[in-house]
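Inspection log for the structure reproduced underneath, given as structure tokens.
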């Protein structure tokens, strides 16, 4: 119930290809591993902790640890657990897709230019090499600056950041929690925003120190359910479907994916590619990115296209849009190209090992032909996406 700050866990059981089909290509899109809070969030978390520790007294024993507590989380970089997540993912990728690699046809690895993303890509390649017993030692072939147009980093200045909807949901669940904490810590004067920040301390400190943070014990299960929904709302309204400028941020990657699946040059209205930096002759690709870009890619593809928008005032407990299952730390989407005896070239998509139904291009059984998949990506290939991309900056 930690939303996008959850550690990776399988959302389903990986399935081998259907009878008569074999995997001929795999495209991995992976989020960086668990990290410290980013710079801005770290400042806010520290301030909220300071406000809580400034209370006149504590009347709940769960707060006693604050008597001599000192905030000591780093900023922005991977934590050791996050580094190991990427290593393990690389090892798993070798075990699953080693038949796609040879010394003559090595995998191609790219990373967006943030330090934690680059480090995750490098840790992944080390895990891949270790699993191969050093037979293969892949490199990070390309690091793309986040100062330029980058298909592995969401960038749309005019897009919504989801803050209105997040604030609305926080106003629903935050006051009661703040009241409870203020009663336990007279004089702290905690706000709704402090509630969110202190809830976030639970996953960040737990993953950084690899034991359960005492902040976790300050909250009830319902508080964490509300915290998780806050993350769902953020991702949905930031780079998801509602505002029009969310999914366009995933179009560049989708068109690159189509190029790889079909072995044809990239046709894209939102960015440029050079053949030397974007080879089409590999059987295994691994790209490293951020969670917001992954959500944009899901939306551009048509995944998790829920029938009703997330309500920022009332949580749907049966919702399918759940950030902890979509984009936890070290999340991965894998698009496999299959060669099937009767159907020919086909596509499957897994998100955190959960097979996606692909009802938009097939029978809903998780397999559709490459041709139908390409046809289903009309938005990514259309002038409409080009117009939306222009709206990002105009």
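Numbering (our numbering), first residue to last: 39 to 432. C-beta atoms are modelled at their ideal positions from N, C-alpha and C, and glycine is treated no differently.
Span separating the alpha-carbon of residue i from that of residue j
i           : j           : result
residue 113 : residue 243 : 12 angstroms
residue 299 : residue 325 : 15 angstroms
residue 312 : residue 90  : Caution applies to residue 312, whose pLDDT of 47 falls short of 50 and renders its modelled position unreliable; the value that the coordinates give is listed next. In a straight line, the C-alpha of residue 312 is about 53 angstroms away from that of residue 90.
residue 421 : residue 190 : 21 angstroms
residue 310 : residue 226 : Its pLDDT being 44, under 50, residue 310 is placed unreliably by the model, and nothing is read from it.
residue 95  : residue 349 : 38 angstroms
residue 78  : residue 229 : 18 angstroms
residue 92  : residue 358 : 40 angstroms
residue 80  : residue 355 : 30 angstroms
residue 406 : residue 142 : 30 angstroms
residue 401 : residue 416 : 18 angstroms
residue 150 : residue 294 : 15 angstroms
residue 387 : residue 395 : 8 angstroms
residue 153 : residue 115 : 7 angstroms
residue 412 : residue 102 : 58 angstroms
residue 403 : residue 378 : 15 angstroms
residue 409 : residue 397 : 15 angstroms
residue 288 : residue 219 : 40 angstroms
residue 205 : residue 351 : 10 angstroms
residue 174 : residue 224 : 60 angstroms
residue 87  : residue 232 : 8 angstroms
residue 259 : residue 137 : 44 angstroms
residue 181 : residue 155 : 9 angstroms
residue 157 : residue 185 : 18 angstroms
Cβ-Cβ separation, residue j to residue i (assumed contact under 8 angstroms), whole Å
i           : j           : result
residue 222 : residue 97  : 6 angstroms
residue 194 : residue 399 : 26 angstroms between Cβ atoms; not a contact.
residue 241 : residue 40  : 4 angstroms
residue 60  : residue 376 : 7 angstroms
residue 266 : residue 362 : 6 angstroms
residue 330 : residue 82  : Not confirmed; about 18 angstroms, so no contact.
residue 301 : residue 283 : Going by Cβ atoms, the distance from residue 301 to residue 283 rounds to 31 angstroms, so no, they are not a contact pair.
residue 339 : residue 53  : Wrong, their Cβ atoms sit about 19 angstroms apart, outside the cutoff.
residue 333 : residue 382 : That pair is no contact at about 31 angstroms.
residue 253 : residue 239 : 4 angstroms
residue 66  : residue 372 : 5 angstroms
residue 109 : residue 84  : 5 angstroms
residue 264 : residue 211 : 4 angstroms
residue 374 : residue 389 : At roughly 12 angstroms, the Cβ-Cβ gap does not stay under 8 angstroms, so residue 374 and residue 389 are not in contact.
residue 490 : residue 58  : The shown model of the chain, from 39 to 432, leaves out residue 490, and the question about it has no answer.
First and last residue of the uninterrupted alpha helix (DSSP H) at residue i
i           : result
residue 230 : 230 to 247
residue 165 : 153 to 169
residue 397 : Per DSSP, residue 397 belongs to no alpha helix (DSSP H) and is neither H nor E.
residue 60  : Per DSSP, residue 60 belongs to no alpha helix (DSSP H); it is in the beta strand (DSSP E), 59 to 69.
residue 367 : Residue 367 -> no alpha helix (DSSP H), and no H or E assigned at all.
residue 295 : 289 to 300
residue 268 : 259 to 277
residue 123 : 118 to 135
residue 425 : 421 to 429
residue 222 : 201 to 222
Start and end residues, beta strand (DSSP E) containing residue i
i           : result
residue 323 : 322 to 327
residue 383 : 382 to 389
residue 150 : 146 to 150
residue 180 : 180 to 182
Beta-carbon proximity list for residue i, same chain, < 7 angstroms, skipping 5 on both sides
i           : result
residue 246 : 74, 111 and 117
residue 133 : 169
residue 159 : 147, 149, 178 and 326
residue 55  : 61 and 376
residue 297 : 303, 304 and 318
residue 209 : 230
Cβ neighbours of residue i in the same chain (closer than 8 angstroms, five flanking residues each side left out)
i           : result
residue 162 : 68, 124, 125, 127, 128, 131, 147, 324 and 326
residue 119 : 45, 71, 72, 245, 246 and 248
residue 432 : 196
residue 391 : 48, 49, 50, 51 and 52
residue 314 : Unreliable positioning characterises residue 314 in this predicted model, as indicated by a pLDDT of 46, which lies under 50. A coordinate reading is not provided.
Contacts around residue i, its chain only, beta-carbon distance under 6 angstroms, and the 5 residues preceding and following it disregarded
i           : result
residue 336 : 342
residue 42  : 269, 329, 361 and 365
residue 135 : 64 and 322
residue 200 : 272, 275 and 276
residue 286 : 423, 426 and 427
residue 207 : 268, 271 and 350
residue 344 : 358 and 359
For residue i: DSSP bridge partner residues
i           : result
residue 407 : 384
residue 392 : 389
residue 378 : 59 and 382
residue 84  : DSSP output for residue 84 lists no bridge partner at all.
residue 73  : 116
residue 45  : 367
residue 373 : 65 and 387
beta-carbon residue i near the ligand PLP non-hydrogen atom, thresh 8 angstroms
i           : result
residue 108 : The model on display carries no ligand, and the ligand PLP is accordingly not part of it.
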